[in-house]
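These protein sequence lines are chains A and B, in that order. Throughout, the numbering used here is defined as the position within the first sequence, counted from one, plus 5. Throughout, the numbering used here is defined as the position within the second sequence, counted from one, plus 4.
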Amino acid sequence: GIQVEQSPPDLILQEGANSTLRCNFSDSVNNLQWFHQNPWGQLINLFYIPSGTKQNGRLSATTVATERYSLLYISSSQTTDSGVYFCAVGTGFQKLVFGTGTRLLVSP
Amino acid sequence: GAGVSQSPSNKVTEKGKDVELRCDPISGHTALYWYRQSLGQGLEFLIYFQGNSAPDKSGLPSDRFSAERTGGSVSTLTIQRTQQEDSAVYLCASSRPDISYEQYFGPGTRLTVT
């Protein structure tokens, strides 16, 4: 089955810093989503991005499907950005396969 | 509109008892998924339903786990004879594949087996 690797596993930032999270996957996909899991465990949809580039405020994401990776950029980080970021991939409407996540801590 | 809802939010049960977890998908979403998140295994797929097709049960860890979806909407995940290793957060998601493959998740049910 598809393998998903995320890096780095842990990241500590000062408020205001920028960061890049990476997701590598082992096979062709046509569904790729980035999630933020908040302290209460809720998975918040950040991007649905099987290919191309999208931006939403301080966050942006790029997926290069032919090279099987996706990047999530966080600019001017805030303490509320803390939590775990998951990349998940899939084929069509079938199951999502999740990476192990990047745990981000933003300190004031 | 309303998101995916799940009940109960927390469930504590004794080993050997049966439990039922409920999921209400977003209205109009034809695909419904169950996942679970545990410390040792991360986020893993359990089962999904899409329209009138046979469900994909390939992620169910044992025959103690079953799920049904009634009327193409609400789904119930049943765990029989619960074991301590069943302790996890059970997450439900839904999508509308005729528009987008994007899945939306509910808040989860935290199951603790004592």
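C-beta atoms are modelled at their ideal positions from N, C-alpha and C, and glycine is treated no differently.
At which residues does the beta strand (DSSP E) containing residue i begin and terminate?
{"i": "Leu109 (chain A)", "result": "107-112"}
{"i": "Leu95 (chain B)", "result": "92-100"}
{"i": "Thr116 (chain B)", "result": "113-117"}
{"i": "Glu18 (chain B)", "result": "That residue, Glu18 (chain B), is in no beta strand (DSSP E); it is neither H nor E in DSSP."}
{"i": "Glu20 (chain A)", "result": "Where Glu20 (chain A) is concerned, there is no enclosing beta strand (DSSP E), given that its DSSP letter is neither H nor E."}
{"i": "Ser104 (chain B)", "result": "104-109"}
What would DSSP say about residue i, mapped onto helix, strand or coil?
{"i": "Gln38 (chain A)", "result": "strand"}
{"i": "Gln88 (chain B)", "result": "helix"}
{"i": "Asn29 (chain A)", "result": "strand"}
{"i": "Ala6 (chain B)", "result": "coil"}
{"i": "Ile7 (chain A)", "result": "coil"}
{"i": "Gly97 (chain A)", "result": "coil"}
{"i": "Leu16 (chain A)", "result": "strand"}
{"i": "Ser62 (chain B)", "result": "coil"}
Checking contacts by CB at 9 Å: is residue i closer than that to chain B?
{"i": "Leu48 (chain A)", "result": "yes"}
{"i": "Ala70 (chain A)", "result": "no"}
{"i": "Gly95 (chain A)", "result": "yes"}
{"i": "Asp36 (chain A)", "result": "The question names Asp, but residue 36 (chain A) is Asn in the sequence shown. Cβ-Cβ to chain B under 9 Å: yes for Asn36 (chain A)."}
{"i": "Leu101 (chain A)", "result": "yes"}
{"i": "Phe30 (chain A)", "result": "no"}
{"i": "Pro14 (chain A)", "result": "no"}
{"i": "Pro131 (chain A)", "result": "With chain A running from 6 to 113 in the structure shown, residue 131 (chain A) is simply not present."}
Checking the sheet assignment: what are the DSSP bridge partners for residue i?
{"i": "Glu24 (chain B)", "result": "B:Thr82"}
{"i": "Ser70 (chain B)", "result": "B:Thr82"}
{"i": "Leu36 (chain B)", "result": "B:Phe53, B:Ser98"}
{"i": "Glu48 (chain B)", "result": "B:Arg40"}
{"i": "Ser11 (chain B)", "result": "B:Arg26"}
With 9 Å set as the bound, which would you pick, yes or no: does the beta-carbon of residue i sit closer than that to a beta-carbon of chain A?
{"i": "Gly32 (chain B)", "result": "no"}
{"i": "Gly68 (chain B)", "result": "One detail in the question is off: residue 68 (chain B) reads as Arg in this sequence, not Gly. Not an interface residue."}
{"i": "Gln54 (chain B)", "result": "yes"}
{"i": "Glu72 (chain B)", "result": "no"}
{"i": "Gln107 (chain B)", "result": "yes"}
{"i": "Gly46 (chain B)", "result": "yes"}
{"i": "Asp28 (chain B)", "result": "no"}
{"i": "Val93 (chain B)", "result": "yes"}
{"i": "Pro111 (chain B)", "result": "yes"}
{"i": "Arg85 (chain B)", "result": "no"}
{"i": "Pro101 (chain B)", "result": "yes"}
Jot down the residue ranges of each uninterrupted alpha helix (DSSP H) in the region 43-95 of chain A, minimum 4 residues, whole runs only, in chain order. none
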